[in-house]
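Chemist: Going by the numbering used here, the first residue of the sequence shown is number 53, and it counts up by one from there. Built from N, CA and C at the ideal position, the CB exists for glycine as well. Small disclaimer: the values here were computed from a predicted structure and weren't measured. Before I ask anything, let me first share the structure, which is written out below as structure tokens.
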Amino acid sequence: MANPGTEALTAARFGFWTALGTALSTMLTFAIAILTPPLSGPLCIEGCFDYPYLEIAARFPRDYYWMFAAIPATLLYVAWMVGLHARATPERRLVAQFGLALSVMAALTLVGDYFVQLAVIEPSILAGESDGISLLTQYNPHGAFIALEELGYLLMSLSLACMALALPKATRLERTIRWLFISGWVGNLAALGWFLLKYGHARAYLFEIAVISVDWFVLIAGASMAAAVFRRDVLAMSARRPAIG
53 MANPGTEALT
63 AARFGFWTAL
73 GTALSTMLTF
83 AIAILTPPLS
93 GPLCIEGCFD
103 YPYLEIAARF
113 PRDYYWMFAA
123 IPATLLYVAW
133 MVGLHARATP
143 ERRLVAQFGL
153 ALSVMAALTL
163 VGDYFVQLAV
173 IEPSILAGES
183 DGISLLTQYN
193 PHGAFIALEE
203 LGYLLMSLSL
213 ACMALALPKA
223 TRLERTIRWL
233 FISGWVGNLA
243 ALGWFLLKYG
253 HARAYLFEIA
263 VISVDWFVLI
273 AGASMAAAVF
283 RRDVLAMSAR
293 RPAIG
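Take a look at the structure:
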């Protein structure tokens, strides 16, 4: 029979490393994305691409580096959510399971969205196969890529809000993490409402930038604090381990 103390220690270590990996990989992705300004839409200043966006071949892989970083960062976020789920209070375990399921939905949406950009757009343009490119490419400010990102990051923030409701709140740091997760979801909903009221269907990628920025900030800050919480758990359990054995 498995030792409950050993299982808890393994879960805490898993939570620590996935939280640390999430914070660092998201920080790297955020930095690369900031250094990759949009070359279409309302925020483009110079060198802009217009519909049907068929002159973008030379921008690969420069404008796609952040996606190479975002894919493992998103997968690490799911792994971190597994670690948080293991730490959920027993009476709120179903809420944590729902949050974990939402994180899988978010990751599938985002990783699939990024993989299509990397595996479909550039090869199709180089082969002279332009059908559908204008709808799928990241340079279209109201295309499928932007819509899927909005959906994926909304699901991500909702998953964190659900997980917040299931986590312990014994210490100030734990309460701060819960507040941060819930605030991210509320902030994204408020931003969505504001952009819809102000711009309607002409919002382009403005809300997408907002929801990504909020989620990445929450991941960096929340995962960093969670790593400290998991590290504390590891040290406490390791100190008690001889007694458990």
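Which two residues bound the contiguous alpha helix (DSSP H) that contains residue 151?
Modeler: Looking at the DSSP string, the run of the alpha helix (DSSP H) that includes residue 151 is 145 to 168.
Chemist: Under 9 Å, do residue 71 and residue 282 count as touching if we go by C-beta distance?
Modeler: yes
Chemist: Roughly how many whole angstroms lie between the Cα atoms of residue 183 and residue 91?
Modeler: 21 Å
Chemist: What are the start and end residues of the alpha helix (DSSP H) that includes residue 227?
Modeler: In the DSSP annotation of this structure, the continuous segment of the alpha helix (DSSP H) that includes residue 227 starts and ends at 224 to 251.
Chemist: Tell me which same chain residues have a C-beta within less than 7 Å of the C-beta of residue 217, skipping the five on either side of it?
Modeler: 144 and 147
Chemist: Do you know how far the Cα of residue 132 is from the Cα of residue 138?
Modeler: 10 Å
Chemist: If you follow the alpha helix (DSSP H) that residue 126 is in, where does it begin and where does it stop?
Modeler: 117 to 138
Chemist: As a quick exercise: from 85, 167, 164 and 129, pick the residue whose alpha carbon is nearest that of residue 152.
Modeler: 129
Chemist: Rank 272, 192 and 177 by C-alpha distance to the C-alpha of residue 255 and give the top, closest one.
Modeler: 192
Chemist: CB-CB under 6 Å to residue 81, same chain, minus the five flanking residues each way: which ones, in chain order?
Modeler: 118, 121, 122 and 125
Chemist: Under 9 Å, do residue 105 and residue 161 count as touching if we go by C-beta distance?
Modeler: no
Chemist: Am I right that residue 136 and residue 219 are in contact with their C-beta atoms under 8 Å? What's the rounded C-beta distance?
Modeler: 7 Å
Chemist: State buried or exposed for residue 185, treating a residue as buried only when at least 16 other CB atoms are found within 10 Å of its CB.
Modeler: buried
Chemist: Between the region 154 to 170 and the region 223 to 241, do at least 3 Cβ pairs fall closer than 8 Å?
Modeler: A contact between stretches requires three or more CB pairs, one per stretch, nearer than 8 Å, and the region 154 to 170 fails this requirement with the region 223 to 241.
Chemist: Tell me the DSSP secondary structure of residue 288 in three-state form.
Modeler: helix
Chemist: Select from 289, 194 and 134 the residue whose C-alpha is nearest the C-alpha of residue 103.
Modeler: 194
Chemist: Which whole-angstrom value describes the C-beta separation of residue 288 and residue 211, a residue pair presumed to lie in contact below a C-beta threshold of 8 Å?
Modeler: So it is not a contact: roughly 27 Å between Cβ atoms.
Chemist: On the three-state DSSP scale, how would you describe residue 175?
Modeler: Note: residue 175 maps to helix in three-state DSSP.
Chemist: Helix, strand or coil, according to DSSP, for residue 103 in the structure here?
Modeler: coil
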